[in-house]
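Right, one structure below, let's go through it.
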Amino acid sequence: MGQQIANLVKILKSDTMIEMVYGNQPRITFQEQSKRELIIGSPFEIASDTMQLSDIYMWDDLEAGVLLKKIERKIKQNDLDYFQSQRAVITLFNVLQKNGLARIYAKKLLPIAHNLMRNEGIYEAEQFNSEDWAYQDYDECFGCDSFTNKFIDSINAYNRSVFTIDENLAKNTEGQLAEYQKLIKDKVELDREKYISVINNIFGMFYNRHNNTEDLWNILLRISRGPGEKVAKSVLQDKLESSKDEMEIVRCNHLLSEIQMYEYFDMRAEEYQNFEEDM
């Protein structure tokens with residue numbers, strides 16, 4: 023507890039800290055907990071284990087074996103919650119290779135890193151800079167170890183390859199949307215089967231984060247109010263009653279509501295025009 027108080031003194035003025043801890047109505051209380059209990063199962067667990075591995079050569083065989091077996095177990099279980107991120111896996115591997123274990127763990131940890139590739143919130147392949155794992159050696163050379171560098175290069179290449187696939191899908195999507203734009207322009211009437219095929223295809227395009235969802239919605243609405251006008255409401259209503267896919271239900275519901283709203287405005291505009299003509 024003494025260390026906790028010392029840390030608070032650095033943040034708060036000593037008089038303020040004393041009042042908050044020892045005053046008549048203390049606002050800060052300390053509860054002793056095992057440091058290990060706080061870490062296990064938290065995002066800091068792998069960071070703690072990685073730090074301990076740094077000097078594992080000094081441990082006795084029993085203690086060292088427990089930690090290494092734990093890491094092996096986490097790998098076999100594909101415990102992504104434990105490994106947290108690709109960066110954490112790289113750091114773990116870097117420490118393992120410093121202990122001479124690069125060849126043992128490289129192939130074991132790469133699949134874990136692949137499974138941890140970020141898919142959301144980024145619009146290009148995540149790339150890691152090996153300089154982030156550089157260190158100064160006893161001969162004063164500064165850089166990233168060659169094993170770690172190869173490990174990072176492999177992860178970066180995997181991330182790029184996955185995003186390249188996504189980019190190709192985006193190009194295919196552009197071609198398909200251009201075809202749908204032509205259907206709208208040429209006023210080609212769609213039967214029920216063709217309309218279902220078109221909207222299912224466009225719904226599937228929402229899975230690719232490179233696609234512009236506003237453009238997709240614009241096409242959906244124009245297809246539904248143009249080429250698919252005669253069958254759109256019936257198809258969407260049937261999908262709402264039969265689908266078990268939550269996002270398909272949400273999209274069908276919204277699209278049906280949009281169609282009905284525009285029909286209402288068209289009807290009011292027609293009534294107003296007829297009124298004007300009667301005048």
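Under my numbering, residue 301 is the last one in the sequence shown; the count climbs by one each step, no gaps.
The C-beta atom is built at its ideal place from N, Cα and C for all residues, glycine as well.
Give the range of the alpha helix (DSSP H) segment to which Ser-264 is assigned.
-> Sequence index remark: in the sequence shown, residue 264 carries index 242 (1-based). 251-264 is the extent of the alpha helix (DSSP H) around Ser-264.
State the beta-bridge partners of Phe-185 as determined by DSSP.
-> Here residue 185 corresponds to residue number 163 of the sequence shown, with the count starting at 1. None, per the DSSP bridge assignment.
Cβ neighbours of Leu-258 in the same chain (closer than 7 Å, five flanking residues each side left out) = Your numbering for residue 258 matches position 236 in the sequence shown. Counting only Cβ-Cβ distances below 7 Å, and skipping sequence neighbours, we find Cys-274, Leu-277 and Leu-278.
Report yes or no: do the region 68-77 and the region 95-110 share at least 3 C-beta pairs separated by less than 8 Å?
-> yes
Opposite Gly-87 in the DSSP bridges: which residues?
-> The count along the sequence shown starts at 1 and reaches residue 87 at position 65. In the DSSP output, where bridge partners are listed per residue, Gly-87 has none listed.
What are the boundary residues of the alpha helix (DSSP H) that includes Glu-215?
-> Here the question's residue 215 lines up with position 193 in the sequence shown. Per DSSP, Glu-215 belongs to the alpha helix (DSSP H) from 214-227.
Under a three-way DSSP split, which group does Phe-164 fall into?
-> For the purposes of this step, residue 164 is taken as residue 142 along the sequence shown, with counting starting at 1. Reduced to three states, the DSSP call for Phe-164 is strand.
Roughly how many whole angstroms lie between the Cα atoms of Met-269 and Gly-226?
-> What you label residue 269 is simply residue 247 of the sequence shown in a count that begins at 1. What you label residue 226 is simply residue 204 of the sequence shown in a count that begins at 1. Using only the alpha carbons, I get a separation of about 11 Å.
Between the Cα of Ala-128 and those of Ser-76, Asn-116 and Asn-137, spot the shortest distance and give me the residue it belongs to.
-> Sequence index remark: in the sequence shown, residue 128 carries index 106 (1-based). Among Ser-76, Asn-116 and Asn-137, the Cα nearest to that of Ala-128 is on Asn-116.
Going by Cα to Cα distance, which pick from Ala-291, Gln-119 and Asn-233 is closest to Tyr-79?
-> As a first step, residue 79 is located in the sequence shown; it is residue number 57 there, counting from the start. It is Gln-119 whose Cα lies nearest to the Cα of Tyr-79.
Is the beta carbon of Ile-311 sitting closer than 7 Å to the one on Leu-242?
-> Given a span of 23 to 301 for the chain in the structure shown, any question on residue 311 remains unanswerable.
Take Lys-217 as the anchor and find which of Ala-254, His-136 and Ile-281 has the nearest alpha-carbon.
-> Locating residue 217 in the sequence shown gives position 195, where the first residue counts as 1. Residue identity differs from the one stated: residue 217 is Tyr in this sequence, not Lys. Closest option to Tyr-217, Cα to Cα, is Ala-254.
Classify Lys-261 as buried or exposed, calling it buried when 16 or more other Cβ atoms lie within 10 Å of its own Cβ.
-> Here residue 261 refers to the residue found at position 239 when the sequence shown is read from its first residue. Classification for Lys-261: buried.
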